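Numbering (the numbering used here), first residue to last: 476 to 995. Glycine included, C-beta positions come from ideal geometry on N, C-alpha and C. These numbers were taken from a predicted model, which means no experiment stands behind them. Structure, as structure tokens:
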């Protein structure tokens, strides 16, 4: 209801500003656009257009609570929202989906020309069939349409990848500084504020942009800012920014599950003082390289059998196990059954007095159909999983009592009790990040002995819930053991794949401004 009110309020405000052209003739015209996803090229899954759930027009504002009617931001410009799509991480995006979304965006932008600015909201880890660096490609096509005078401010995830093409064709660029990404909205607001400040002041494009590639490629589960060295690394950023000489600086960890040349760490700083901008970028890049061998998983990490052994020996609950290799929020298919097969093999769960385990989750659309026919309390015997990614294990037979059904137009969920194992089966792959995801199904994650979730590092709610926690190195499209991935196209040498590599050149590269479109 709150989101509906927000959209209606902003829509009314936009109508008023559009009608009062004389009173607002000096306000900058700023468009909003972007598509976001993390795409694993090591997963057999593909992502279609529907997955992006694209919002258009004033519905785009629902992504940005800092743009409500009383924010003070909404009345600083004439806002022209076009298309914003955000897909759950998954497999490579089809070229048809990409071209459709880009074409729709370009048509909407064209209808709103001329522009003074663009807020470009992306993730940065999208892979598309047949296209390298799709975000860079998208931005070049926008530049060809809107021209080089338009000021573009780009906001990204720190697990995105920044190519020289992307960095050159944007003017302002920033990314998250926290992982988990509790600062996502703050970061987007920073990108918008920087854009408004440069337009209102008349300063326009920053005079200098420094770009430094850092040959490091690490999984997010090793780069959490909850602990060192990630915490200390990202805490260096505010020390390098003064808002004038250096407007902003950012560190990208990149995305290790896409085999593309652009995938590696990057530092970018920009501002109006060349010496200060270069020094800021070099300071951050050198710190990043200096602590490269200090990055470790954010929790004890082991293989699944050992993780289950530890859980059985534990005297606290819940003991959480991250099933990392098929984490759907990192790009896994979400239907790898290998872990569940291994759990079902454990005889301990057949003992009525043994520990109870909740598993979240496995897709099984046929099981869902049967469960809806049978109902809660009935017995079911059906296969699930491995429809998309069957490389590591076949579909799994789930037999037991249906203890809960949560119907939904988009993703019905069912809980099946097999011995002491409570398996959450979904119509489509799903993420379980909140306590309510479990309690809505009649499950009590706080009181269960063992909670196994397809996830990497824990979200804040699950992190606070845990009594103990280990991360399991399980197989899947986002395998955390990078040494097992068949890289062929990333730049080498690359740390930690090449641990004995020589120190790289971490001097600042000053890249051209966007006054001329460069294709690279």
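Check                                                                                                                                                              : Outcome
Ends of the beta strand (DSSP E) at residue 649?                                                                                                                   : 647 to 650
Compute the Euclidean distance between the alpha carbons of residue 968 and residue 976, then round it to the nearest angstrom.                                    : 6 Å
Exposed or buried, what is residue 1022 when buried is set at 16 or more other beta-carbons lying within 10 Å of its beta-carbon?                                  : Within the shown structure, residues of the chain are numbered from 476 to 995, placing residue 1022 beyond reach of any answer.
Taking the Cβ atom as the reference point for each residue, do residue 729 and residue 669 lie within a distance shorter than 8 Å?                                 : no
Going by CA-CA distance only, name the one from 584, 680, 723 that's closest to residue 507.                                                                       : 584
Is residue 984 helix, strand or coil when you go by DSSP?                                                                                                          : strand
Relative to the alpha-carbon of residue 694, which residue among 756, 598, 773 has its alpha-carbon at the smallest distance?                                      : 773
Determine the extent of the beta strand (DSSP E) in which residue 527 is found, giving its start and end residues.                                                 : Taken as a continuous stretch (DSSP letters only), residue 527 belongs to no beta strand (DSSP E), as it is neither H nor E.
Mind checking whether residue 671 and residue 724 have CB atoms under 8 Å apart?                                                                                   : no
Taking the C-alpha atoms as reference points, what is the distance between residue 740 and residue 647?                                                            : 18 Å
Cα-Cα, which of 918, 754, 565 is closest to residue 733?                                                                                                           : 565
Compute the beta-carbon to beta-carbon distance between residue 1011 and residue 722, rounded to the nearest angstrom, for a pair I have assumed lies under 8 Å.   : The chain is shown only over 476 to 995; residue 1011 falls outside these bounds and no answer can be derived.
Roughly how many angstroms lie between the CA atoms of residue 736 and residue 757, to the nearest whole one?                                                      : 22 Å
Who are the near neighbours of residue 690 in its chain, counting only those whose CB is closer than 8 Å to its CB and skipping five residues on each side?        : 739, 740, 966, 968, 969, 970, 976, 979
By the three-class DSSP mapping on this structure, what secondary structure does residue 791 have?                                                                 : coil
Using a threshold of 8 Å, state whether the C-beta atoms of residue 910 and residue 879 are closer than that.                                                      : no
My output table needs one value for residue 555: the three-state DSSP class, helix, strand or coil.                                                                : strand
Does the beta-carbon distance from residue 946 to residue 797 come in below 8 Å?                                                                                   : yes
In the DSSP assignment, find the unbroken beta strand (DSSP E) run with residue 726 in it and report its ends.                                                     : 723 to 727
Do you know offhand how far residue 995's Cα is from residue 573's?                                                                                                : 20 Å
Using 10 angstroms around the beta-carbon of residue 1022, count the other beta-carbons present and answer buried if the total reaches 16, otherwise exposed.      : Given that the chain is displayed from residue 476 to residue 995, the structure contains no residue 1022 and the question cannot be resolved.
Is the separation between the beta-carbon of residue 542 and that of residue 549 shorter than 8 Å?                                                                 : yes
Kindly indicate which three-state DSSP category residue 701 falls into: helix, strand or coil?                                                                     : coil
Roughly how many angstroms separate the alpha carbons of residue 515 and residue 559, rounded to a whole number?                                                   : 21 Å
Can you tell me the Cα-Cα spacing of residue 918 and residue 896, whole angstroms?                                                                                 : 12 Å
With a CB to CB cut of under 7 Å and the five nearest residues on each side skipped, what residues in its chain are close to residue 696?                          : 772, 773, 799, 931, 932, 946, 955
Take residue 928 and list the residues in its own chain whose beta-carbon comes closer than 6 Å to its own, dropping the five residues that flank it on each side. : 835, 907
Which runs of the alpha helix (DSSP H) fall wholly inside the stretch 828 to 868 and span at least 4 residues, in chain order?                                     : 840 to 849
For the ligand FAD, is there a heavy atom less than 7 Å away from the beta-carbon of residue 867?                                                                  : What this structure holds is no ligand at all, so the ligand FAD is not there to describe.
Return the first residue and the last residue of the alpha helix (DSSP H) that residue 578 is part of.                                                             : 570 to 586
For residue 928, name the three-state secondary structure that DSSP assigns.                                                                                       : strand
So, does the stretch 957 to 966 touch the stretch 814 to 832, judging by three or more C-beta pairs under 8 Å?                                                     : no
Roughly how many whole angstroms lie between the Cα atoms of residue 780 and residue 830?                                                                          : 16 Å
Short of 8 Å in beta carbon distance, which residues of its chain neighbour residue 674, apart from the five on each side in sequence? Order them along the chain. : 503, 505, 552, 591, 592, 626
Quick one: give me the first and last residue of the beta strand (DSSP E) that residue 685 is part of.                                                             : 683 to 689
Could you check if residue 888 is buried or exposed, using at least 16 other CB atoms within 10 Å of its CB as the buried criterion?                               : buried
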